[in-house]
Ligand code: SF4
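Chains as they are written, first to last, in our numbering: chain A, 27 to 279; chain B, 35 to 508.
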């Protein structure tokens with residue numbers, strides 16, 4: 027959490043893309059990799075990676091979650107930091123793996139792995155101390171910090187610090203910005219009425235912010251809020267923070 | 035009675051516009067008041083650390099502390115009774131009332147008596163019980179359950195209360211003036227206090243070293259219920275004991291500031307004995323009923339034990355985005371909201387209320403405010419695992435009761451797809467090619483697409499993109 031101590035800038039890092047990004051937002055994953063490469067890092071993407079296991083874990087299916095988690099633990103063996111473009115998956119890998127593997131032959135490896143996990147904006151700010159130059163046009167933007175990013179990873183300021191470096195971006199405040207958007211993984215399917223009510227309220231707050239773009243660090247929330255906005259015929263573009271930062275700061279020419 | 039089910043209750047509540055706006059407004063106010071009390075974040079964290087350690091320490095020594103409490107209460111002249119189950123507790127109360135030939139009864143607010151369904155039990159025995167807390171009195175008039183553990187009638191606005199009082203109390207005409215409404219209730223209650231044969235109250239903290247029962251309240255009805263009638267019966271869950279008198283002030287401060295945003299409540303009662311010779315007032319008899327009702331089982335499991343640290347401040351529900359949307363009744367349980375989601379299934383069994391731990395987005399808003407730092411999300415996750423456990427006979431009653439063949443199979447399929455890099459690569463590519471052809475109107479997607487557009491699979495996965503770009507694999 028906030029008291030975490032950070033290592034020196036490494037030469038190589040692993041990238042854990044997350045299954046949502048892999049299937050629905052691969053551009054966000056590519057952008058995350060490019061942000062890291064631009065800082066001179068050697069980025070490794072193990073092709074055997076799949077999912078952190080959170081969907082089954084949060085649903086109470088721990089054996090199934092562990093089987094999937096084991097696949098990740100085994101394919102990130104070297105002592106490099108593991109960078110994750112999602113607060114939610116980062117928290118699963120970092121905070122839940124040790125308990126999930128308690129008493130398991132892979133416990134040592136899982137604990138070692140979990141200690142090397144960093145959420146992307148956390149790593150950009152605290153380890154790489156990136157400096158960004160905004161090349162994009164003026165734009166009104168609002169930020170949705172996911173619950174896991176804020177409350178499980180303790181990352182509230184990091185994404186804002188990055189967005190604040192973009193001179194042409196007008197970061198609009200979001201009412202009730204700390205309140206959950208109602209995604210909650212399988213919650214959105216199991217308790218759809220409450221989830222829809224929460225997403226609807228959040229979408230309304232996003233609209234009222236006057237932003238043209240909704241930026242978040244978690245694709246689950248983006249899918250939920252943007253899907254609701256879109257179903258209502260509203261035009262607010264969803265962007266993962268990695269993609270947003272990369273789009274605005276790399277020289278396209 | 036049909037089986038209690040949170041989803042059904044919530045679906046009904048979410049469509050009730052009036053209810054939703056009542057809750058949103060009330061919860062916003064409570065959150066603001068609490069925040070104003072804890073402007074100094076460092077002081078708050080120090081106090082939470084202290085509160086957590088007091089409660090953990092008490093629970094670690096619970097069996098000895100209860101014996102100490104019993105001995106000291108007896109020495110003070112308080113009669114102590116042990117109740118294993120809610121039924122035992124009800125019978126103990128009834129026996130006391132019968133011995134005193136008591137027919138009418140006033141009650142201060144007590145969540146444990148709700149857990150025992152004491153009113154219901156006593157009424158069936160021909161004993162008239164009257165709730166004396168204003169909120170409890172109103173819901174008794176309406177024949178409802180409390181919708182909040184601190185503010186039982188928070189689901190109703192003033193107009194709805196005015197209408198109810200006009201309808202239910204003889205000779206009362208409609209008024210929305212809150213002072214006037216209070217005056218009407220006070221008049222009814224005052225009379226009952228003097229006539230009642232016995233008073234019943236809950237207990238917020240019981241001090242083992244002195245044998246003192248502490249009662250926190252705002253209306254003076256707690257003091258009246260415990261002093262005006264000849265017999266006072268206090269009912270408490272066994273977890274409410276603390277070691278020392280000095281443990282009380284920090285917990286009291288955390289309780290009132292977290293609950294209602296008050297630096298302290300209007301009344302704080304410390305009951306240490308019945309009327310002594312030469313004293314002018316106070317009950318002739320004081321009884322303490324200690325209720326277990328499943329608490330020992332919770333205590334025995336180190337991962338679940340923190341549930342019992344709860345001081346019933348209600349902050350977790352005030353800050354819960356789910357509770358705020360649906361209100362307390364949707365839970366169909368005595369204790370709603372996040373604490374209810376972890377406590378109720380443990381007390382009543384996962385076979386009865388295994389649905390409750392799933393009624394959360396796991397957003398951690400409750401964990402962030404809980405004054406005794408109960409890891410509510412960790413316990414929710416544990417209970418979900420226990421509810422779906424392939425083995426029966428875990429430490430929570432009804433373990434494995436929620437497991438369904440179809441869902442278990444779906445997760446096995448999910449595991450097969452994600453536990454091997456080769457299988458995952460093959461299937462994810464297939465999804466990228468064909469996933470968008472899946473109709474959005476069937477299966478699990480149907481719930482999603484009722485209010486949202488269908489998620490669109492990208493043409494190529496990140497795995498494919500990184501391979502094409504030559505990003506190293508190891
Ligand atoms: S769980 Fe914590 S926040 Fe909720 S009522 Fe109990 S003490 Fe208060």
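Yeah, the Cβ is synthetic: ideal placement off N, Cα and C, and Gly gets one too.
Element boundaries [beta strand (DSSP E), containing residue i]
| i | result |
| --- | --- |
| residue 191 of chain B | Per DSSP, residue 191 of chain B belongs to no beta strand (DSSP E) and is neither H nor E. |
| residue 294 of chain B | It is not in any beta strand (DSSP E) - residue 294 of chain B carries neither H nor E in the DSSP assignment. |
| residue 242 of chain A | 239-242 |
| residue 232 of chain B | 232-235 |
| residue 41 of chain A | 38-41 |
| residue 319 of chain B | 319-325 |
| residue 251 of chain B | 246-251 |
| residue 267 of chain B | 265-271 |
| residue 228 of chain B | Careful: residue 228 of chain B lies outside any beta strand (DSSP E), inside the alpha helix (DSSP H) at 212-229. |
| residue 240 of chain B | 239-241 |
Among the options, the one whose alpha carbon lies nearest that of residue i
| i | options | result |
| --- | --- | --- |
| residue 110 of chain A | A:61, A:94 and A:257 | A:61 |
| residue 122 of chain B | B:353, B:324, B:467 and B:62 | B:324 |
| residue 367 of chain B | B:448, B:343, B:393 and B:349 | B:393 |
| residue 93 of chain B | B:343, B:390 and B:218 | B:343 |
| residue 114 of chain A | A:143, A:260 and A:107 | A:143 |
| residue 240 of chain A | A:215, A:269 and A:217 | A:269 |
| residue 358 of chain B | B:177, B:138, B:182 and B:169 | B:182 |
| residue 305 of chain B | B:293, B:319 and B:294 | B:319 |
| residue 258 of chain A | A:247, A:244, A:276 and A:227 | A:227 |
| residue 458 of chain B | A:88, A:41 and A:94 | A:94 |
| residue 168 of chain A | A:200, A:185 and A:177 | A:200 |
| residue 401 of chain B | A:247, A:174 and A:236 | A:174 |
| residue 384 of chain B | B:404, B:189, B:431 and B:165 | B:431 |
| residue 355 of chain B | B:38, B:44 and B:39 | B:44 |
| residue 154 of chain A | A:176, A:122, A:73 and A:66 | A:66 |
| residue 74 of chain A | B:497, B:225 and B:455 | B:455 |
| residue 243 of chain A | A:70, A:192, A:181 and A:127 | A:181 |
Any non-hydrogen atom of the ligand SF4 closer than 7 Å to residue i Cβ
| i | result |
| --- | --- |
| residue 410 of chain B | yes |
| residue 349 of chain B | yes |
| residue 373 of chain B | yes |
| residue 404 of chain B | yes |
| residue 339 of chain B | no |
| residue 21 of chain B | Not covered by the structure: residue 21 of chain B. The range shown for chain B is 35 to 508. |
| residue 354 of chain B | no |
| residue 292 of chain B | yes |
| residue 216 of chain B | no |
| residue 400 of chain B | yes |
First through last residue of the alpha helix (DSSP H) which encompasses residue i
| i | result |
| --- | --- |
| residue 258 of chain B | 255-261 |
| residue 270 of chain A | 267-275 |
| residue 101 of chain B | 96-110 |
| residue 390 of chain B | No alpha helix (DSSP H) contains residue 390 of chain B, which DSSP labels as neither H nor E. |
| residue 500 of chain B | 496-503 |
| residue 70 of chain A | Here residue 70 of chain A belongs to no alpha helix (DSSP H); instead the beta strand (DSSP E) covers 68-70. |
| residue 305 of chain B | Taken as a continuous stretch (DSSP letters only), residue 305 of chain B belongs to no alpha helix (DSSP H), being part of the beta strand (DSSP E) at 301-305. |
| residue 56 of chain B | 51-71 |
| residue 56 of chain A | 52-64 |
| residue 7 of chain B | An answer regarding residue 7 of chain B cannot be provided, because it is not within the stretch 35 to 508 covered by chain B. |
Within chain A, partners of residue i - CB distance below 7 Å
| i | result |
| --- | --- |
| residue 458 of chain B | 76 |
| residue 462 of chain B | 48 and 49 |
| residue 169 of chain B | What residue 169 of chain B touches in chain A: nothing, since even the nearest Cβ is about 25 Å away. |
| residue 322 of chain B | Going along chain A, no residue has its Cβ under 7 Å from residue 322 of chain B, so there is no contact; the nearest lies around 39 Å. |
Interface partners of residue i on chain A, CB under 8 Å
| i | result |
| --- | --- |
| residue 189 of chain B | Near residue 189 of chain B there are no residues of chain A at all, since even the closest Cβ is about 16 Å away, more than 8 Å. |
| residue 350 of chain B | The contacting residues do not exist; residue 350 of chain B stays about 13 Å from chain A at best. |
| residue 478 of chain B | 215 |
Chain C contact for residue i (CB, 8 Å cutoff)
| i | result |
| --- | --- |
| residue 56 of chain B | Any reference to chain C falls outside this structure, whose protein chains are A and B. |
Listed by chain order, chain B residues near residue i by CB distance under 8 Å
| i | result |
| --- | --- |
| residue 73 of chain A | 455, 459, 497, 500, 501 and 507 |
| residue 109 of chain A | Within chain B, no residue comes near residue 109 of chain A; the closest Cβ sits about 13 Å away, beyond 8 Å. |
The ligand HEM heavy atom lying under 7 Å from the CB of residue i
| i | result |
| --- | --- |
| residue 206 of chain A | The ligand HEM is absent from the structure shown, which contains only the ligand SF4. |
Under 7 Å from the C-beta of residue i: neighbouring residues of chain B
| i | result |
| --- | --- |
| residue 8 of chain A | Past the edges of chain A, shown from 27 to 279, lies residue 8 of chain A, and the structure says nothing about it. |
| residue 124 of chain A | What residue 124 of chain A touches in chain B: nothing, since even the nearest Cβ is about 12 Å away. |
Residue i: contacting residues in chain A (beta-carbon distance under 9 Å)
| i | result |
| --- | --- |
| residue 403 of chain B | Those within 9 Å of residue 403 of chain B in chain A number zero; the least Cβ separation is about 11 Å. |
| residue 465 of chain B | 49 |
At 4 residues or longer, what runs of the alpha helix (DSSP H) sit wholly inside the segment 126-173 of chain B? Whole alpha helix (DSSP H) segments, 4+ residues: 145-150 and 152-158.
Please list the segments of the alpha helix (DSSP H) lying wholly inside the segment 406-491 of chain B, counting only runs of 4 or more residues, in order along the chain. Look at the segment 406-491 of chain B and you find these whole runs of alpha helix (DSSP H), each 4 residues long or longer: 410-421, 439-452, 455-468 and 479-483.
For the segment 74-142 of chain A, list the alpha helix (DSSP H) runs that are entirely contained and at least 4 residues long, ordered along the chain. Those alpha helix (DSSP H) runs which fall completely within the segment 74-142 of chain A and span 4+ residues are 80-84, 88-100, 113-117, 123-126 and 133-141.
Secondary structure, beta strand (DSSP E): runs of 3+ residues fully inside the segment 168-198 of chain A: Complete beta strand (DSSP E) runs here, min 3: 195-198.
Minimum length 4: unbroken alpha helix (DSSP H) runs contained in the segment 331-361 of chain B: Counting only runs of 4 or more, we get 349-352 and 355-360.
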